[in-house]
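This note's numbering puts the first residue of the sequence shown at 2, with every later residue one more than the last. Reviewing the structure listed below.
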Amino acid sequence: MLTYQQALIETASRLKESGSTTPELDALLLLCHVTGKDRIGVYATPKEPLTSEEYSKFDNLVGRREKAEPMAYILGEKGFWEFDLKVRKGVLIPRPDTESLVEAILDIHKDRNAELNILELGVGTGAIILSLLHEMPNAKGLGVDVSPDALACAEENAEANNLDDRLTLRASSWFDNVSEDGFDVIVSNPPYIRTDDIPNLMRDVAHHEPSLALDGGNDGLDAYRHIIDEAPAKLKAGGLLAFEIGYDQADDLKKLLKDSGNFTPAVIVKDLAEHDRVVLAHRL
Ligand code: GLN
Numbered sequence: 002m003l004t005y006q007q008a009l010i011e012t013a014s015r016l017k018e019s020g021s022t023t024p025e026l027d028a029l030l031l032l033c034h035v036t037g038k039d040r041i042g043v044y045a046t047p048k049e050p051l052t053s054e055e056y057s058k059f060d061n062l063v064g065r066r067e068k069a070e071p072m073a074y075i076l077g078e079k080g081f082w083e084f085d086l087k088v089r090k091g092v093l094i095p096r097p098d099t100e101s102l103v104e105a106i107l108d109i110h111k112d113r114n115a116e117l118n119i120l121e122l123g124v125g126t127g128a129i130i131l132s133l134l135h136e137m138p139n140a141k142g143l144g145v146d147v148s149p150d151a152l153a154c155a156e157e158n159a160e161a162n163n164l165d166d167r168l169t170l171r172a173s174s175w176f177d178n179v180s181e182d183g184f185d186v187i188v189s190n191p192p193y194i195r196t197d198d199i200p201n202l203m204r205d206v207a208h209h210e211p212s213l214a215l216d217g218g219n220d221g222l223d224a225y226r227h228i229i230d231e232a233p234a235k236l237k238a239g240g241l242l243a244f245e246i247g248y249d250q251a252d253d254l255k256k257l258l259k260d261s262g263n264f265t266p267a268v269i270v271k272d273l274a275e276h277d278r279v280v281l282a283h284r285l
């Protein structure tokens, strides 16, 4: 029988071969997952053999990772803000960059007790709106998505983190089924990759994540145009529109918001890697 130590060494080399950029870490996390031990537990017992049941599970998961399936789908969760969020195939995996969007909104709404009404368009796992609701205990949210997988996933995450009493989830393509108005904040991390760029993304993303959540059309800006057109009717005067953007889209977004004539000049915020990542504007 293979020991933990042997399993880690063999798997890391298998995964390195298949193109993973983090083969040792992947191997360790997969081994923790099938043995139910934490990292220290695995390292502390290197000679422990995997049971045959553990081995066959492990081998299957390693096989999936070899095909560049993202670790978050294999493990079924991803850390974001203060949560371990459930993720599943068909739903975009939350990115650390997106925490910059949450932070930027919280920087504007410094009163944590404000009774804000927040709308998120394209809620995915719920990462953004759940983080905002968690930080602002009197805020209420409506999260919409066209994907039933996303809505089910967001629902599970809302329940697991006791935020389901303040979050309504609904099937809707952007504003189509949103009859409410007067929101204080509208936030979205819409699909923003140019269609032609999708095949060039990392294999993990291009082959495994939903193109619905990535493909922003020919110039990557389709969703922004649509939302900027319709958001003014749904926001309070002075209400905040907040987007995540691609690192090279700040000028495009500034122009779209300016041309709409309904917003204050856009403010751009960078992520931790110093890339332009967030656009903020208030409704006039
Ligand atoms: N940031 C995502 C990526 O790297 C894109 C997410 C989106 O299109 N909203 O691939």
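Ideal Cβ placement from N, Cα and C applies to all residues, glycine included.
Residue i classed as buried or exposed, judged by whether at least 16 other C-beta atoms fall within 10 angstroms
i    : result
T126 : buried
G144 : buried
G240 : buried
E18  : exposed
S173 : buried
N287 : Only positions 2 to 285 of the chain appear in this structure, which leaves residue 287 out of reach.
A267 : buried
E78  : buried
I228 : buried
T23  : exposed
Y5   : buried
K87  : buried
D112 : exposed
A45  : exposed
Residue i - containing beta strand (DSSP E), residue span
i    : result
D277 : D277 to H283
F244 : L236 to E245
E78  : E78 to F81
I269 : V268 to K271
Rounded separation between residue i and residue j - CA only
i    : j    : result
G80  : L258 : 32 Å
D177 : S14  : 49 Å
D27  : W82  : 21 Å
K141 : A115 : 10 Å
H135 : D166 : 12 Å
I199 : A69  : 16 Å
S53  : F84  : 33 Å
A224 : M137 : 27 Å
I269 : G91  : 30 Å
L31  : D60  : 9 Å
G221 : A128 : 22 Å
D230 : S261 : 7 Å
E210 : I106 : 26 Å
L202 : T196 : 11 Å
A251 : A234 : 24 Å
V147 : K48  : 49 Å
P191 : W175 : 10 Å
N205 : K256 : Note on residue identity: the sequence assigns Asp, not Asn, to residue 205. Looking at the two C-alpha atoms, the distance is approximately 32 Å.
A232 : I94  : 25 Å
I41  : T265 : 51 Å
N139 : R284 : 22 Å
I186 : A8   : In the sequence on display, residue 186 carries Val and not Ile. One C-alpha to the other measures close to 49 Å.
E181 : L122 : 13 Å
K38  : A155 : 27 Å
K58  : E160 : 29 Å
R66  : S21  : 8 Å
A243 : H34  : 36 Å
D216 : K237 : 29 Å
Residues sharing a beta bridge with residue i, DSSP
i    : result
I119 : G142 and V186
G91  : According to DSSP, which records beta bridges pairwise, G91 is partnered with nothing at all.
P149 : Answer by DSSP bridge pairing: none, since P149 is not bridged.
R171 : V145
L86  : K79
K259 : None; K259 has no bridge partner.
D216 : I194
F264 : R284
P50  : T4
Alpha helix (DSSP H) segment containing residue i, residue limits
i    : result
K17  : Y5 to E18
K111 : Note, K111: premise wrong, no alpha helix (DSSP H); not H, not E.
Y225 : D223 to E231
V35  : P24 to T36
V206 : R204 to H209
G127 : G127 -> no alpha helix (DSSP H), and no H or E assigned at all.
I41  : R40 to A45
**Prompt:** With contact counted as at least three CB pairs below 8 Å, one residue from each stretch, are the region 66-77 and the region 246-258 in contact?
**Reply:** no
**Message:** Any contact between the region 267-281 and the region 95-102? By contact I mean 3 or more CB pairs, one from each, below 8 Å.
**Reply:** yes
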